[in-house]
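Protein chains in written order, with the numbering used here: chain A, 33 to 365; chain B, 0 to 394. Some notes on the structure that comes next.
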Amino acid sequence: MKTNAIKHLRITILSIAMLVASVTMAKAGVQAEYQYNLSNFWGTVPSLWAQLTLDQENNEIYALDLNESLIKVFSESGMELQDFGQDYGAVHPVSLAVSEAGTLFVLSTRYQGWDLFQCNYRGEVGAAIIIQGLPANFGDFNPARVEYQKGSLYLVDSHSMLVAVIDLSGRFLRGYDLGSMVRAEYTKSSKSDAAIAKLQKQMIDIEVGGFSVDGAGTMYFTVPALFTACRLHTDGVLESFGIAGGGPGKFGVVAGIAADKRGFIFVTDRLRCVVLVFDPALNFQGEFGYRGPEAANLLVPDDVEIDGRGYLYVAQAANRGVSVFKITGLEEL
Amino acid sequence: MNSKKVYLALTTASIMTLGISGSAMAFHDGGVAKCNGCHSMHQSADAKPVAGSTANSWLMKGSDASSTCLNCHNGTTKGGYKIATADGSALAAGGDFFWMKTSWANGRTTSAADNHGHNIVAKDFGFTADADLDNAVAPGGTYAATKLGCTSCHDAHGQVQGGTKQGQKPIEASGSYGAVPSTPDTILGNYRILGDSSYTAGSIQNDNFAFNNDAPVAVALNGSGGYGASVAYGSGMSEWCANCHAGLLVSNSSTGKHPSGNDVKIDGYAGNYNSYVKTGDFTGAQATSYDALVPYERGVGATLDPASTAGPVDGTDGNVMCLTCHRAHASAFNNMARFSFDDSLIAEGAVFAAQAEGDFAATAAIYYKDNTVVDVHATYGEFQRSLCNKCHAQD
C-alpha cells in the first residue's frame, strides 16, 4: 500500500515535472508551452527549414518543404490534412500566401525568372498573376517570398532587399527599398565620410532574412548579417533593434520574424536555437527553446508564424519539422 | 528518475536599440572569429549537453563542426557566403553542397548525390558520410569518410603555421582577397582559411590527421561580385589537395592519372587554350581566353586578378591543377566536375533533361562562372563537346 502510494506520488511528481518542463518561462507573465510537432498519422512530419504560411481564417498552417517542393497543409490541431505540389512538374514553389477567401498564391522560381499564380484550396493551379508597372529600380527584381495582407501581395527579393506590393491583378502599388533604409539607419551615427564608406563596404552583401506583414500592413524583417531586426511602419518609419551576442536577448544568426495581433514580435535565432520575444515597444521580454534533445527544444529554428490563438509555429533544421508552442501571458504586460 | 528542468531565460533590463550595431560581414576576418560565434560557453542555459553528439566536448553551437559552420553558411537560396542552399542556386566557385543531397537521372545517365562532391557530415542539416564503401577513405589517400567535414579542409580558427603561439605574427586581414598587410609585423590569413602544413585536420579538428602541404595561393573577388565567385588561382592547389589525395598527385600521365601540380605547366597546351573559344571556334586571343569553367593556376609570384581574362603564356606560366576540372565542394556532376564528363554534347546534357522533369529546381545553377549562370547553348553552342577540349582540342 505504502509502496503504491509512493509510486503514485512519484508519478504525480513526474507528471508535474513534465508539465513544468514543457513550459519555458520566458519572463514573469510570458510563457511558451510546447504543444506538439506538426504531424500525420505516422508521427512528426520531418522537414528542413520549411517555409510557413498561416491561414488566419481557419488557423491552418501551410508548410512548404523547399527540398521536396511539396506543400503540406495542417489543421489547427497540427494534423496533416493534405499535400500538393508533387505533380507540378518543373514548377518549384518557393513561397506561398493565402487570402481570407482561401485562395493560395504560389511563388515559383525558374531559370532566369519567376512566376506567381493562384491555386484553389486543393492546390490546383489557376491563373497566373503578371506583375505590371514595376518601376525602373526593380529591373532585376527576383522575389523568393510572398506574403498577403488585405488584398495586397508583398513580394520580397531578399538579395536586393526590395519589396513590391501589388494588388491581386498584378498591378504595382508601391515599393520599398529596405536595403537603402537599413544602410541609412546603419550609418546615421557615423561622423565622417570615411567612416560611412567603411560601413557601406561592410554592408555590400546584406540581405533580408525573415519577413512578415501584420494586419495593419506593418512589415517586419531581419538582416542576419547585421544582427538586426526591423519594423517598417506604413508611414515609412523604420525601427531597428537587436544586439549581437550569445547571451539572453542577443542576436546570433537571426532568421524568421513574426508579430501577433497585439504587436508582440517573435524572432528566431538559428545559432542560439531560441525564439526571442519583444513587446510592441521593442523591449526584450524573454526567449525560449534552446538547443537540446527535448521536445520543447529547438534545433536551428528558421521561419516562424503565430496565429490568432497564440499558437506559434517554428520550422527547424535536422528534419525536426515544425514545433508548435502556445504563447500566453503577453496580455498581462 | 531525472527531473526535468524548467528553462529559465534570464531577462535583465529591457534591451531596445535604436540604430544598428554590429556586422558579421567580416566574421572570420582572415583568422579566428569571436569565440561565441561558434562556441557556447555554458550551452546557452543550465549547462545542457549539445544535442546529437555525446562526443562534442568542444562546446560548439552545432551537433558537429560542420553543422556549426552551416548555421551561417547554409541558406535557402544563393547569396554571398552561402555554400549550401535549398535549391542549388549558389554561384560560389567552390560549389553548392545542395548537390550532396540531390540525385538526378535521365535516360541512362544517373548521377547519385554521394558522387557529387565532398561528403561532409553535418547532422543538423542532413549531410551524411559517403555511403559508397569504395570511398570509405579518401581516393588516393587514407582520410576516413566518416570524419569528413568543413574543418577537414578549413581551419575554423584560421591559424597560419600554428598561429601566434608558434611565433607567427598576428593576422591583419583575410588572405582570400588579395590584400597586402598594411600594418608592420602582421600577416594575412590563409586563402579561405584553409589548413596548412601545421594543421591537423578533422571533422572535429582533432583527428590528428597532419597536413604536409601549405595552403594554396589564390585571390577571390570580394563584395558585390560574390564572395569567391571569381577566383584567380596562383599556386599550390593540387599540392594542398594532396594532403588527403596524395595518390592522385602525379606529374605525368605515365602513372595512368592526369597530371597536375605546380610543375605541370600548361606549356604546349597554351596555344589550344588561348585560341579555343568553343567547339569549332579557334578565334580566341590570349588577352581574353581565360575561361573560369576551365581555370588554371597562373604560377608562383604571378599577379592575381580575379577579373583578369588573360590566358596562359606558353612555357612561362600557368599550370593545370585539380580545380581545373573539379569543384572543391560539390557540383551537379559526377566526380564533382565543373562540367559534365558524361555527355558528348554538353548543351544537351542529361542534367538539363533531369531539371526539366523536376528532379531539382529550375533555379539550380548547373554551369556557372564569375557569379553568373552559364547558358551552355548560348555561350558554347548546340554542338559543344566536353570542355576538356579547352586544352586538348580533340573536337
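Even for Gly, the Cβ is constructed at its ideal location relative to N, Cα and C.
Coil, strand or helix - residue i by DSSP
{"i": "aspartate 266 of chain B", "result": "helix"}
{"i": "isoleucine 170 of chain B", "result": "strand"}
{"i": "tyrosine 395 of chain B", "result": "Chain B is shown only over 0 to 394; residue 395 of chain B falls outside these bounds and no answer can be derived."}
{"i": "alanine 95 of chain A", "result": "strand"}
{"i": "threonine 75 of chain B", "result": "coil"}
{"i": "glycine 284 of chain A", "result": "coil"}
{"i": "isoleucine 186 of chain B", "result": "strand"}
{"i": "aspartate 45 of chain B", "result": "Any answer about aspartate 45 of chain B is weak, because its pLDDT of 35 lies below 50 and its placement is not dependable; what the coordinates show is given next. Coil at aspartate 45 of chain B, not helix or strand."}
{"i": "lysine 277 of chain B", "result": "strand"}
{"i": "methionine 213 of chain A", "result": "helix"}
{"i": "lysine 34 of chain A", "result": "Reliability fails at lysine 34 of chain A, whose pLDDT of 47 lies under 50, so the model's placement of it is uncertain and no value is given."}
{"i": "valine 123 of chain A", "result": "coil"}
{"i": "arginine 191 of chain B", "result": "helix"}
{"i": "threonine 76 of chain A", "result": "strand"}
{"i": "histidine 391 of chain B", "result": "helix"}
{"i": "glycine 116 of chain B", "result": "strand"}
{"i": "leucine 185 of chain A", "result": "strand"}
{"i": "threonine 127 of chain B", "result": "coil"}
{"i": "glycine 242 of chain A", "result": "coil"}
{"i": "cysteine 149 of chain B", "result": "helix"}
{"i": "glycine 94 of chain B", "result": "strand"}
{"i": "aspartate 267 of chain A", "result": "coil"}
{"i": "threonine 53 of chain B", "result": "Note that threonine 53 of chain B scores a pLDDT of 41, beneath 50, so its modelled location is shaky and nothing firm can be said."}
{"i": "threonine 219 of chain A", "result": "helix"}
{"i": "lysine 256 of chain B", "result": "coil"}
{"i": "aspartate 199 of chain A", "result": "strand"}
Beta carbon of residue i nearer than 9 Å to that of residue j
{"i": "threonine 141 of chain A", "j": "valine 157 of chain A", "result": "no"}
{"i": "valine 77 of chain A", "j": "valine 354 of chain A", "result": "yes"}
{"i": "cysteine 243 of chain B", "j": "threonine 150 of chain B", "result": "no"}
{"i": "glutamate 337 of chain A", "j": "leucine 84 of chain A", "result": "yes"}
{"i": "alanine 286 of chain B", "j": "glycine 270 of chain B", "result": "no"}
{"i": "tyrosine 124 of chain B", "j": "glycine 279 of chain B", "result": "The displayed chain sequence assigns phenylalanine, not tyrosine, to residue 124 of chain B. Cβ atoms of phenylalanine 124 of chain B and glycine 279 of chain B: not closer than 9 Å."}
{"i": "glutamate 319 of chain A", "j": "valine 306 of chain A", "result": "yes"}
{"i": "cysteine 151 of chain A", "j": "glutamate 217 of chain A", "result": "no"}
{"i": "serine 184 of chain A", "j": "isoleucine 198 of chain A", "result": "yes"}
{"i": "leucine 386 of chain B", "j": "valine 293 of chain B", "result": "yes"}
{"i": "aspartate 195 of chain B", "j": "aspartate 213 of chain B", "result": "yes"}
{"i": "glycine 284 of chain A", "j": "leucine 303 of chain A", "result": "yes"}
{"i": "leucine 351 of chain A", "j": "alanine 85 of chain B", "result": "Here the sequence assigns asparagine to residue 351 of chain A, which means leucine is not the residue at that position. No; because the gap between Cβ atoms is not below 9 Å, this pair is not in contact."}
{"i": "phenylalanine 338 of chain B", "j": "tyrosine 366 of chain B", "result": "yes"}
{"i": "histidine 325 of chain B", "j": "asparagine 334 of chain B", "result": "yes"}
{"i": "valine 356 of chain A", "j": "glutamine 67 of chain A", "result": "yes"}
{"i": "alanine 130 of chain B", "j": "alanine 364 of chain B", "result": "no"}
{"i": "glycine 340 of chain A", "j": "threonine 360 of chain A", "result": "no"}
{"i": "tyrosine 289 of chain B", "j": "asparagine 388 of chain B", "result": "no"}
{"i": "alanine 331 of chain B", "j": "glycine 87 of chain B", "result": "yes"}
{"i": "leucine 308 of chain A", "j": "glycine 277 of chain A", "result": "no"}
{"i": "threonine 75 of chain B", "j": "tryptophan 81 of chain A", "result": "yes"}
{"i": "phenylalanine 126 of chain B", "j": "asparagine 114 of chain B", "result": "no"}
{"i": "alanine 347 of chain A", "j": "serine 71 of chain A", "result": "no"}
{"i": "asparagine 73 of chain B", "j": "lysine 81 of chain B", "result": "yes"}
Delimiting residues of the alpha helix (DSSP H) encompassing residue i
{"i": "glutamine 354 of chain B", "result": "349–355"}
{"i": "methionine 236 of chain B", "result": "236–244"}
{"i": "glycine 321 of chain A", "result": "Taken as a continuous stretch (DSSP letters only), glycine 321 of chain A belongs to no alpha helix (DSSP H), being part of the beta strand (DSSP E) at 316–321."}
{"i": "valine 375 of chain B", "result": "375–379"}
N- and C-terminal bounds of the beta strand (DSSP E) containing residue i
{"i": "asparagine 105 of chain B", "result": "103–105"}
{"i": "tyrosine 345 of chain A", "result": "343–347"}
{"i": "threonine 85 of chain A", "result": "83–87"}
{"i": "glutamine 17 of chain A", "result": "Outside the displayed span of chain A (33 to 365) sits residue 17 of chain A, for which this structure offers no information."}
{"i": "asparagine 69 of chain A", "result": "62–69"}
{"i": "tyrosine 252 of chain A", "result": "251–255"}
Listed in chain order, which residues of the segment 178–198 of chain B have Cβ atoms closer than 7 Å to some Cβ of chain A? Within the segment 178–198 of chain B, no residue has a Cβ that lies closer than 7 Å to any Cβ of chain A.
Taking Cβ-Cβ distances below 8 Å as the criterion, which residues of the segment 256–278 of chain A are in contact with chain B? Identification of residues in the segment 256–278 of chain A having a C-beta nearer than 8 Å to some C-beta of chain B yields Pro256, Ala257, Leu258, Phe259, Thr260, Glu271, Ser272, Phe273, Gly274, Ile275, Ala276, Gly277, Gly278, given in sequence order.
Closer than 9 Å, Cβ to Cβ, to anything on chain B: give me those residues from the segment 65–86 of chain A, in chain order. The residues in question are Leu80, Trp81, Gln83.
Give, in chain order, every residue of the segment 91–111 of chain A whose Cβ lies closer than 8 Å to some Cβ of chain B. Cβ contacts with chain B come from Leu98, Asn99, Ser101.
Beta carbons nearer than 9 Å to chain B: which residues of the segment 127–143 of chain A have them? Only those residues of the segment 127–143 of chain A whose C-beta falls short of 9 Å from the nearest C-beta of chain B are listed: Ser140, Thr141, Arg142, Tyr143.
Contiguous alpha helix (DSSP H) assignments of at least 4 residues, all confined to the segment 280–322 of chain B: You should have found no qualifying run.
If the cut-off is 8 Å on Cβ atoms, which residues from the segment 329–351 of chain A count as contacting chain B, listed in chain order? Only those residues of the segment 329–351 of chain A whose C-beta falls short of 8 Å from the nearest C-beta of chain B are listed: Asn329, Leu331, Val332, Ala349, Ala350, Asn351.
Members of the segment 121–138 of chain B that neighbour chain A once the beta carbon cut-off is set at 7 Å: Result list: Lys122, Asp123, Phe124, Gly125.
Please identify, using Cβ separations under 9 Å, the residues of the segment 277–295 of chain A that lie next to chain B, in order along the chain. Answer set for the segment 277–295 of chain A: Gly277, Gly278, Gly279, Pro280, Gly281, Lys282, Phe283, Gly284, Val285.
At a CB distance below 7 Å, what residues from the segment 77–93 of chain B approach chain A? Give them in sequence order. Cβ contacts with chain A come from Gly78, Gly79, Ala85, Asp86.
Interface positions of the segment 328–353 of chain B facing chain A (Cβ-Cβ less than 8 Å), listed along the chain: Those would be none; no residue qualifies.
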